[in-house]
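Novice: In the working numbering, the protein residues as written are 35 to 164.
Got a structure for you, written out below as structure tokens; questions coming shortly.
What follows is the structure, given as structure tokens:
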């Protein structure tokens, strides 16, 4: 005698009884994942900020883009000084183009802090415009 009862199409009844659990698990997964993807509203231009940070010698360079807007910061560090360049551009027009020179080498923590502050300021600026 066969231990599992068979349906007339040859599938076992136990296998069919597992199907509702798969549906429940799938629905729970969608309920859990969907809100996480819908938390951030779309930006006005329909694009998210594209952020790229690159190490340049002892300093760093960050480029942030969204649509036709671009923000740029370069921190160049030598043994004797540091140069910080900030730019904001919309299409081909520069809205901000400034630089500052420090008479000492910025530490790694200072460079990282300046880059993080710059990224956060752009994010805050974009939130205010929404």
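Cβ atoms here follow ideal geometry from the backbone N, Cα and C, with glycine treated the same way.
Taking C-beta to C-beta, are residue 149 and residue 111 nearer than 8 angstroms?
Specialist: By one-based count along the chain shown, residue 149 stands at place 115. By one-based count along the chain shown, residue 111 stands at place 77. No, Cβ-Cβ distance for residue 149 and residue 111 is not below 8 angstroms.
Novice: Taking only three categories from DSSP, how would you classify residue 158?
Specialist: Here residue 158 corresponds to residue number 124 of the chain shown, with the count starting at 1. Helix at residue 158.
Novice: Would you mind giving the Cβ-Cβ distance between residue 139 and residue 114, rounded to the nearest angstrom? I have them listed as a contact below 8 angstroms.
Specialist: For this step, residue 139 is matched to residue 105 along the chain shown. For this step, residue 114 is matched to residue 80 along the chain shown. With 8 angstroms as the limit, residue 139 and residue 114 qualify as a contact, their Cβ atoms being about 7 angstroms apart.
Novice: Would you report the Cα separation of residue 136 and residue 94, rounded to the nearest angstrom?
Specialist: Locating residue 136 in the chain shown gives position 102, counting from the first residue. Locating residue 94 in the chain shown gives position 60, counting from the first residue. Between residue 136 and residue 94, the C-alpha separation is close to 15 angstroms.
Novice: Quick one: grab the DSSP three-state call for residue 163.
Specialist: Against the chain shown, residue 163 aligns to sequence position 129. In this structure, residue 163 counts as helix in the three-state DSSP scheme.
Novice: From residue 83 to residue 92, what distance separates their C-alpha atoms?
Specialist: For the purposes of this step, residue 83 is taken as residue 49 along the chain shown, with counting starting at 1. For the purposes of this step, residue 92 is taken as residue 58 along the chain shown, with counting starting at 1. Distance between the alpha carbons of residue 83 and residue 92 is about 26 angstroms.
Novice: Output yes or no for whether 8 angstroms exceeds the beta carbon distance between residue 145 and residue 119.
Specialist: Looking up residue 145 in the chain shown gives position 111. Looking up residue 119 in the chain shown gives position 85. Result no, Cβ atoms of residue 145 and residue 119 do not sit closer than 8 angstroms.
Novice: Could you tell me if residue 96 is buried or exposed, where buried requires 16 or more neighbouring beta carbons within 10 angstroms of its beta carbon?
Specialist: As a first step, residue 96 is located in the chain shown; it is residue number 62 there, counting from the start. Per the 10 Å Cβ criterion, buried.
Novice: Are the beta-carbon atoms belonging to residue 133 and residue 156 less than 8 angstroms from one another?
Specialist: Translated into positions along the chain shown, residue 133 becomes position 99. Translated into positions along the chain shown, residue 156 becomes position 122. No, Cβ-Cβ distance for residue 133 and residue 156 is not below 8 angstroms.
Novice: Whose C-beta lies closer than 6 angstroms to the C-beta of residue 103 among residues of the same chain, with five residues either side of it excluded?
Specialist: Taking the chain shown and counting its residues from 1, the one referred to as residue 103 is at position 69. The answer, listed in chain order, is 124.
Novice: Going along the chain, which residues of its own chain have a beta-carbon closer than 8 angstroms to the beta-carbon of residue 128, five neighbours each way excluded?
Specialist: Locating residue 128 in the chain shown gives position 94, counting from the first residue. Excluding residues within five positions, the ones whose Cβ falls inside 8 angstroms are 121 and 122.
Novice: Measure the C-alpha to C-alpha separation of residue 160 and residue 99 and round it to an integer number of angstroms.
Specialist: The sequence position of residue 160 within the chain shown is 126, counting from 1. The sequence position of residue 99 within the chain shown is 65, counting from 1. In a straight line, the C-alpha of residue 160 is about 11 angstroms away from that of residue 99.
Novice: Among 163, 162, 141 and 106, which one has its Cα closest to the Cα of residue 152?
Specialist: Taking the chain shown and counting its residues from 1, one reaches residue 152 at position 118. Nearest of 163, 162, 141 and 106 to residue 152, Cα basis: 106.
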